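So for the sequence shown, the working numbering puts the first residue at 2; every next one is plus one.
Single-structure report; data block below.
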Amino acid sequence: MPQYNSNTSLSYLKGVGPSRADLLKKELGIRTFGDLLNFFPNRYIDRTQFFKINQLEQNSAEIQILGKITSIKTVQQKHGSRLVATFVDDTGTIELVWFRGAKWIKENLKVNVPYVIFGKTNYFNRSFSMPHPEMELVAEYKKNLRTAMQPVYPSTEMLTNKGVSNRVVQKMIQSLFEELPGRVRETLSKPIIESHKLIAKYEALLNVHFPKSQELLTRAQFRLKFEELFFIQLQLIRKKMIRKSKIKGFTFDKVGAFFNTFYTNNLPFDLTNAQKRVLKEIRKDVGSNAQMNRLLQGDVGSGKTIVGLLCMLLALDNGFQACIMAPTEILAIQHFNSIVEMLSGMEVNVALLTGSTKAKARRMLHERLENGELHILIGTHALIEDKVKFKNLGLAIIDEQHRFGVEQRSKMWLKNELPPHVLVMTATPIPRTLAMSVYGDLDISVIDELPPGRKEVATAHRYDSNRLSVFKFMKDEIAKGRQVYVVYPLIQESEKMDYKDLMDGYESISREFPIPNYQISILHGKMKPADKEFEMQRFIKKETQIMVATTVIEVGVNIPNASVMVIESAERFGLSQLHQLRGRVGRGADQSYCILMTSFKLSADSKIRLETMVKTTDGFEVADVDLKLRGPGNIMGKQQSGVLNLKIADIVKDAGILKLVRSIAFETLQEDPSLQKEENLPLKSTYQLIHKNSGVWSNIS
Ligand code: ADP
Ligand code: MG
Numbered sequence: 002m003p004q005y006n007s008n009t010s011l012s013y014l015k016g017v018g019p020s021r022a023d024l025l026k027k028e029l030g031i032r033t034f035g036d037l038l039n040f041f042p043n044r045y046i047d048r049t050q051f052f053k054i055n056q057l058e059q060n061s062a063e064i065q066i067l068g069k070i071t072s073i074k075t076v077q078q079k080h081g082s083r084l085v086a087t088f089v090d091d092t093g094t095i096e097l098v099w100f101r102g103a104k105w106i107k108e109n110l111k112v113n114v115p116y117v118i119f120g121k122t123n124y125f126n127r128s129f130s131m132p133h134p135e136m137e138l139v140a141e142y143k144k145n146l147r148t149a150m151q152p153v154y155p156s157t158e159m160l161t162n163k164g165v166s167n168r169v170v171q172k173m174i175q176s177l178f179e180e181l182p183g184r185v186r187e188t189l190s191k192p193i194i195e196s197h198k199l200i201a202k203y204e205a206l207l208n209v210h211f212p213k214s215q216e217l218l219t220r221a222q223f224r225l226k227f228e229e230l231f232f233i234q235l236q237l238i239r240k241k242m243i244r245k246s247k248i249k250g251f252t253f254d255k256v257g258a259f260f261n262t263f264y265t266n267n268l269p270f271d272l273t274n275a276q277k278r279v280l281k282e283i284r285k286d287v288g289s290n291a292q293m294n295r296l297l298q299g300d301v302g303s304g305k306t307i308v309g310l311l312c313m314l315l316a317l318d319n320g321f322q323a324c325i326m327a328p329t330e331i332l333a334i335q336h337f338n339s340i341v342e343m344l345s346g347m348e349v350n351v352a353l354l355t356g357s358t359k360a361k362a363r364r365m366l367h368e369r370l371e372n373g374e375l376h377i378l379i380g381t382h383a384l385i386e387d388k389v390k391f392k393n394l395g396l397a398i399i400d401e402q403h404r405f406g407v408e409q410r411s412k413m414w415l416k417n418e419l420p421p422h423v424l425v426m427t428a429t430p431i432p433r434t435l436a437m438s439v440y441g442d443l444d445i446s447v448i449d450e451l452p453p454g455r456k457e458v459a460t461a462h463r464y465d466s467n468r469l470s471v472f473k474f475m476k477d478e479i480a481k482g483r484q485v486y487v488v489y490p491l492i493q494e495s496e497k498m499d500y501k502d503l504m505d506g507y508e509s510i511s512r513e514f515p516i517p518n519y520q521i522s523i524l525h526g527k528m529k530p531a532d533k534e535f536e537m538q539r540f541i542k543k544e545t546q547i548m549v550a551t552t553v554i555e556v557g558v559n560i561p562n563a564s565v566m567v568i569e570s571a572e573r574f575g576l577s578q579l580h581q582l583r584g585r586v587g588r589g590a591d592q593s594y595c596i597l598m599t600s601f602k603l604s605a606d607s608k609i610r611l612e613t614m615v616k617t618t619d620g621f622e623v624a625d626v627d628l629k630l631r632g633p634g635n636i637m638g639k640q641q642s643g644v645l646n647l648k649i650a651d652i653v654k655d656a657g658i659l660k661l662v663r664s665i666a667f668e669t670l671q672e673d674p675s676l677q678k679e680e681n682l683p684l685k686s687t688y689q690l691i692h693k694n695s696g697v698w699s700n701i702s
């Protein structure tokens with residue numbers, strides 16, 4: 002037997018062998034002893050409880066029954082055959098069924114000998130059956146140590162089909178512990194273990210796989226979650242510290258004519274306190290000689306753009322160029338228009354660059370960018386093409402749903418000998434725990450206050466059967482001079498059907514709101530840009546009162562007089578999309594309304610989404626619920642799955658642990674930035690191991 006170490010291939014483990022090792026690698030990514038040791042149960046079941054057959058209920062979880070087989074038969078079916086055994090206890094009878102491996106099972110099953118069977122039951126034709134039960138002779142069962150917490154490991158259909166049952170996995174892990182020399186290297190430092198009363202690493206691993214008691218299981222889970230989250234935070238915070246100390250940035254130490262002229266003459270309103278605070282945070286960053294990498298969070302309509310603009314003017318005052326990159330062309334154009342308007346009367350050269358910029362205009366733009374004549378460039382991904390070269394880019398603002406790939410950002414850095422300061426603005430709020438995990442290496446600023454005078458959008462949920470009263474409400478509001486959006490879902494997979502829904506809706510609204518009293522605009526993705534613009538303009542000029550649209554209006558539309566948002570089939574929208582749509586109203590002085598129309602048939606999740614929308618207009622609260630419903634991976638997309646691919650911790654449920662370990666990681670690194678102290682050696686070697694093994698965590702700088 003080769004000496005165990007965590008990199009030993011699993012095929013050397015007793016009872017595994019090459020083909021099983023291969024299967025485990027393919028199905029679960031488990032290759033080594035270490036991988037298996039860190040393969041954790043996703044739940045525990047109580048195997049001290051027995052069910053009587055007459056107590057069985059439909060849709061119960063896995064249960065175990067004590068009884069015996071009275072007869073076995075093979076039943077022919079269209080494809081192959083199935084094996085059926087009659088199983089009885091003193092209260093009733095159920096059928097055990099096997100669709101695969103029938104021959105082997107038939108030869109091994111014993112009749113009239115007591116068994117403990119375990120599995121999930123089906124209910125069909127008024128009787129219960131249990132497909133592919135786990136079976137154990139009572140004599141065997143009694144020999145094994147039983148606790149109330151039997152681990153259940155994640156599995157796949159392929160593993161089940163190939164006979165790698167939960168029991169088999171348990172046995173593998175048992176042999177693994179037999180191979181262990183009794184202890185596993187400690188990964189945390191003594192002071193951390195002691196001050197947080199953590200159990201030792203080996204104890205934790207042992208009890209998470211073979212819990213001796215509920216209390217020990219809880220402590221084991223806590224210790225392992227603590228550790229998992231701790232090392233992620235250690236990594237993120239260290240990355241941030243290294244970046245700050247190593248990557249020099251431009252120093253914007255002057256506040257000059259661009260900023261001051263704008264502030265005194267052009268600023269259309271007073272900044273909110275939150276905007277002022279954030280501006281101060283940014284100025285402190287760009288005034289030091291380190292590169293800024295900051296995330297600016299704020300709810301829809303909280304006024305992130307003006308903060309971005311002021312920062313760009315600061316860059317200009319210090320002799321640098323600035324740029325804004327937006328995720329869509331519509332948004333880039335909107336930024337361009339509003340920024341040009343806000344800068345009117347000032348000598349600032351602003352240009353727009355998108356995929357539709359014509360070659361000739363592009364050539365001129367490139368030239369003006371390189372000779373420094375252009376101050377501010379606004380655009381889409383087109384901005385990071387190789388041909389786009391700035392004379393001296395000092396600040397790059399990324400306005401987007403979520404973080405662009407690191408790769409893309411670093412491309413922007415290469416345009417200079419020093420990287421520009423980077424400000425990332427999110428379009429929708431991100432829950433704190435998620436921000437900590439995914440953006441933990443960035444500094445974060447939050448605008449947590451809306452501009453004054455905004456009235457909360459009143460939100461209601463109505464069923465389709467109430468449509469007439471909703472129409473009546475729309476008419477009343479239109480009579481007061483307001484405008485109304487009616488939005489239909491647009492989901493790629495069923496585009497044709499969605500289009501039909503939109504057109505049907507348009508027709509019924511046209512009937513209800515006839516010409517000449519009412520005029521209606523329509524806007525959807527299939528229209529030519531010029532037609533879209535035309536319809537948009539009619540609505541902006543108040544020539545039309547109703548805008549029937551798909552979600553193309555989700556971003557980039559700002560029409561203060563439109564104060565009613567009707568969302569059709571609201572159950573088909575995600576929470577952040579609903580919140581974004583609602584953000585299109587409530588931009589003027591009038592009371593605004595958002596009406597969520599749905600059918601009667603609603604899933605449990607849809608109900609929660611609708612209730613949340615009605616209950617709160619706070620984007621951070623909405624985002625929290627969204628995170629709970631969909632999980633971090635779905636919210637942040639695949640890009641971040643590295644940081645979010647956790648083995649045991651859950652950033653929603655373990656938010657408390659996350660906050661705790663972040664502060665511990667921070668303190669630890671502040672005291673000992675390169676983990677040189679004797680007591681921190683375990684931290685250092687674990688850190689280096691993780692660093693080496695994980696591509697996602699590799700340091701980009
Ligand atoms: P978002 O944070 O969603 O990008 P915007 O920057 O588009 O928000 O701002 C939303 C609206 O609020 C804009 O019309 C903007 O002019 C206005 N606004 C921003 N800040 C203030 C303020 N301090 N006072 C009044 N209106 C403001
Ligand atoms: Mg914005």
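We put the beta carbon where it would ideally sit given N, CA and C, even for glycine.
Note that this is a predicted model, so its numbers are computed, not measured.
Once you ignore the five residues that flank Phe232 on each side, which residues in its own chain have a CB closer than 6 angstroms to its CB?
Ile691
Are there any heavy atoms of ligand 1 lying less than 7 angstroms away from the beta-carbon of Leu378, as far as the coordinates show?
no
Looking only at DSSP bridge pairs, what is Trp99 linked to?
Looking at the DSSP assignment, Trp99 forms a beta bridge with Leu84.
So which of Gly589, Arg512, Asp651 and Asp505 has the shortest CA-CA distance to Thr551?
Asp505
Pull every residue with its beta-carbon under 7 angstroms away from any heavy atom of ligand 2, and keep them in chain order.
Residues with a Cβ closer than 7 angstroms to any heavy atom of ligand 2, in chain order: Lys305, Thr306, Asp400, Met426 and Ala428.
Whether Arg168 touches Glu135 by CB criterion (8 angstroms):
Yes, these two residues count as a Cβ contact at 8 angstroms.
Is the stretch 535-542 touching the stretch 449-459, taking contact as three or more C-beta pairs under 8 angstroms?
no
Am I right that Leu181 and Leu189 are in contact with their C-beta atoms under 8 angstroms? What's the rounded C-beta distance?
Not confirmed; about 19 angstroms, so no contact.
In terms of DSSP beta bridges, what is Gly380 paired with?
Met326 and Leu354
Measure the C-alpha to C-alpha separation of Val114 and His80 and round it to an integer number of angstroms.
31 angstroms
Which runs of the alpha helix (DSSP H), 4 residues or longer, sit entirely within the stretch 231-283?
258-262
When you measure from the CB of Phe270 to every non-hydrogen atom of ligand 1, does any distance come out below 7 angstroms?
yes
Reference Ser130, options Leu138, Gly120, Glu137 and Val139, closest by Cα:
Gly120
Could you tell me which whole alpha helix (DSSP H) segments of length 4 or greater appear in the stretch 541-590?
Counting only unbroken stretches of 4 or more residues, the alpha helix (DSSP H) elements lying wholly within the stretch 541-590 are 576-583, in sequence order.
At the level of alpha carbons, what is the spacing between Gln234 and Pro683?
16 angstroms
Does the Cβ of Asp286 have 16 or more other Cβ atoms within 10 Å, making it buried, or fewer, making it exposed?
buried
Out of Ile649, Ser664 and Asn681, which one is the CA nearest neighbour of Val209?
Ile649
Since Lys249 and Asn290 are thought to touch, with beta carbons under 8 angstroms apart, how far apart are those beta carbons, to the nearest angstrom?
Contact holds; Cβ gap of about 6 angstroms.
Quick one: give me the first and last residue of the beta strand (DSSP E) that Ser522 is part of.
Ile521 to Leu524
Please report the distance separating the alpha-carbon of Val17 from that of Phe41.
18 angstroms
What are the boundary residues of the alpha helix (DSSP H) that Tyr203 is part of?
Lys202 to His210
Can you list, in chain order, the residues of its chain with a C-beta nearer than 7 angstroms to that of Trp99? Leave out the 5 residues immediately preceding and following it.
Arg83, Leu84, Ile106 and His133
Restricting to Cα atoms, I'd like to know which of Leu315, Asp502 and Leu469 is closest to His422.
Leu315
Distance between Gln56 and Ser72 (C-alpha atoms, nearest Å)
Each residue's alpha carbon lies about 22 angstroms from the other.
Buried or exposed: which applies to Asn8, given that a residue is buried once 16 or more other Cβ atoms fall within 10 Å of its Cβ?
exposed
Compare the beta carbon distance of Thr94 and Lys53 with 8 angstroms and say whether it is the shorter of the two.
no
According to DSSP, is Leu332 helix, strand or coil?
Collapsing the DSSP output to three states places Leu332 in a helix.
Leu659 and Thr434 closer than 8 angstroms at C-beta
Contact: yes.
At least three beta-carbon pairs within less than 8 angstroms, the stretch 590-605 to the stretch 511-524:
Put simply, the stretch 590-605 does not touch the stretch 511-524. Fewer than three CB pairs are less than 8 angstroms apart.
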